[in-house]
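Numbering (the working numbering), first residue to last: 165 to 625. For every residue, glycine included, the Cβ atom is placed at its ideal position computed from N, Cα and C. Working notes, structure below.
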């Protein structure tokens, strides 16, 4: 079995036609066409998992990522229940968010430089120890400052989603259309897993904390994080090789990469959509006297996003990735007006399907955005680049939560739902402005280049 220094054995490129629906033969019996039409959507995912070891690291990655939807809400419930202060609970989790923004890119940089297993194992052990320390501090009534320190120390957990995407990018490396289609399907699959974690995590955490004891959610999330990451790191067959250290060139700031800063700004605004939508929905449901139903309503938004992500991954992408990203974010901005319109009815039964439909543009935007990050980031710093994208999302979530909370409290009614479409419109504007930059950085021809090419061909004729 190859180690991280030599890298895994090369994986054959996907078969021709990867990601394309299979053509239906003529003369098919009645009813068989529907089955074939259903089966063809799964074909790209069957091909995706053809290389040995892919299922193992995907399952381990799911276990390791489920806690990302559990830890924050578990800490809030645990601290608020035992200390009687939501303000303290919110301040502690906000401190952890800031610590994550500072530490996550550093951990990702170490992963790129020294290998996934070599860095992820000690990083997750430190994070698990910090989470258990937080639990003990709460349990034994330690001073408040210890809660801040323990929760911040838990931010050393590695970005398993970024490491999984890096494995897919290495397995299906190259610039062929088949390899690009495989990476598109892989990014769609990983985005669907993220949505699943954010859909199930809060529900599981709330159930454990309320049904068992306040610390149950944090304890379970810590066990899943530690066990899942260790299992993920043990899958050495698919681990990308460590890129050689190239001295001063490697020390250059990744944020100077052409096109990447604007792309991260779009991720920042997109995160504001998520943060505002969550807070506003909780406040809206509470105003209607159904606060307990807020989690289920938000789960529909994640369900719509996950389903759209899987369907998007079965299609073969066409055109410039920068342009696709601008179109997807623009579609998200348009669909985010649906919850605003539905909220005027004053009914969760009307709001729920609007959130389901609005979520369907989220995953395609995120999938295309992550594809752009992979193209813009140097191969030896892929984990760092994707972690910067996640960090931008987290920063946007924090800003969106604050803006959505202010709007829900001071404007009242359905006006809080005006924040998500405004943030999405800002993200769309930034994505449109970044499309030209990313096209130039990734080598995709712009509109003028394509027009000039057509004119030259016409002249030649």
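Residue 550 versus residue 272 - alpha carbon distance: Straight-line Cα distance between these residues: approximately 9 Å.
Give me the residue from 241, 338 and 445 with the minimum Cα distance to residue 581. Of the listed residues, the one whose Cα sits closest to residue 581 is 445.
Can we say the stretch 322 to 337 touches the stretch 496 to 512, given the rule of at least three CB pairs closer than 8 Å? Not touching, per the Cβ criterion.
Per-residue burial, residue 348 [other beta carbons within 10 Å of its own, 16 or more giving buried]: Residue burial annotation: residue 348 is buried, with at least 16 other C-beta atoms found within 10 angstroms of its C-beta.
Mind checking which residues open and close the alpha helix (DSSP H) that includes residue 336? Careful: residue 336 lies outside any alpha helix (DSSP H) and carries neither H nor E.
For residue 249, which residues from the same chain have a beta carbon less than 8 Å from its beta carbon, with the 5 sequence-adjacent residues on both sides left out? By the criterion of a C-beta distance shorter than 8 Å, residue 249 is surrounded in its chain by 243, once the five residues flanking it on both sides are discounted.
Closest by CA to residue 492, which one among 384, 343, 523 and 253? For residue 492, the nearest C-alpha among the options comes from 523.
Mind pulling the alpha helix (DSSP H) runs of 4 or more residues that sit fully within the stretch 205 to 291? You should have 207 to 212, 218 to 229, 235 to 247 and 250 to 278.
For residue 452, count the other beta carbons within 10 Å of its own beta carbon; 16 or more makes it buried, fewer makes it exposed. Which is it? Under the 10 Å beta carbon count, residue 452 is surrounded by fewer than 16 other beta carbons and is classified as exposed.
Where the alpha helix (DSSP H) through residue 375 begins and ends: From DSSP, the alpha helix (DSSP H) with residue 375 extends over 341 to 375.
How big is the Cα-Cα spacing for residue 442 and residue 468? Note on geometry: alpha-carbon atoms of residue 442 and residue 468 lie some 15 Å from one another.
Check whether the Cβ atoms of residue 431 and residue 556 sit closer than 8 Å, and answer yes or no. The answer is yes: Cβ separation under 8 Å.
Measure from the alpha carbon of residue 434 to the alpha carbon of each residue in 257, 588 and 251, then state which is nearest. Comparing Cα-Cα distances from residue 434 to each of 257, 588 and 251, the minimum goes to 588.
How long is the line joining the alpha carbons of residue 317 and residue 405, rounded to whole angstroms? One C-alpha to the other measures close to 28 Å.
With residue 573 as the anchor, note down where its alpha helix (DSSP H) starts and where it stops. Per DSSP, the continuous alpha helix (DSSP H) segment holding residue 573 begins and ends at 546 to 574.
From the DSSP output, in three-state form, read off residue 461 for me. The answer is helix: DSSP assigns residue 461 an H, G or I state.
Alpha carbon to alpha carbon, how far is residue 356 from residue 428? For residue 356 and residue 428, the distance between alpha carbons rounds to 21 Å.
For residue 509, which three-state DSSP category applies? In this structure, residue 509 counts as coil in the three-state DSSP scheme.
What would DSSP say about residue 495, mapped onto helix, strand or coil? DSSP places residue 495 in helix when its eight states are reduced to three.
Stretch-stretch touch, CB-based, cutoff 8 Å, three pairs: the stretch 383 to 391 with the stretch 284 to 292: Note that the stretch 383 to 391 touches the stretch 284 to 292; at least 3 beta-carbon pairs, one per stretch, sit closer than 8 Å.
Between the alpha carbons of residue 465 and residue 320, how many angstroms are there, rounded? Approximately 29 Å between the Cα atoms of the pair.
So what's residue 138 in DSSP terms, helix, strand or just coil? Any property of residue 138 remains undetermined from this structure, which presents the chain solely from 165 to 625.
Compare the Cα-Cα distances from residue 476 to each of 251, 354 and 340 and report the closest residue. If we check each option's Cα against that of residue 476, 354 comes out closest.
Alpha carbon to alpha carbon, how far is residue 237 from residue 375? Give it in angstroms, no decimals. Near 15 Å, if we compare the C-alpha coordinates of residue 237 and residue 375.
Would residue 503 and residue 518 be called neighbours here (beta carbons separated by less than 8 Å)? Contact annotation: residue 503 and residue 518 have beta-carbon atoms nearer than 8 Å.
Would you mind working out which of 598, 382, 275 and 591 sits nearest residue 547, comparing C-alpha positions? Its Cα nearest to that of residue 547, the residue 275 stands out among 598, 382, 275 and 591.
Is residue 213 buried or exposed, if buried means 16 or more other CB atoms sit within 10 Å of its CB? Burial call: exposed.
Under the three-state reduction of DSSP, which class applies to residue 541: helix, strand or coil? Residue 541 falls in the coil class under three-state DSSP.
For residue 495, which residues in the same chain have their Cβ closer than 7 Å to its Cβ, ignoring the five residues on either side in sequence? In the same chain as residue 495, and ignoring 5 residues on each side of it, the C-beta atoms closer than 7 Å to its own belong to 525, in chain order.
Around the C-beta of residue 424, are 16 or more other C-beta atoms found within 10 angstroms, so that it is buried, or is it exposed? By the 16-neighbour rule on beta-carbons within 10 angstroms, residue 424 is buried.
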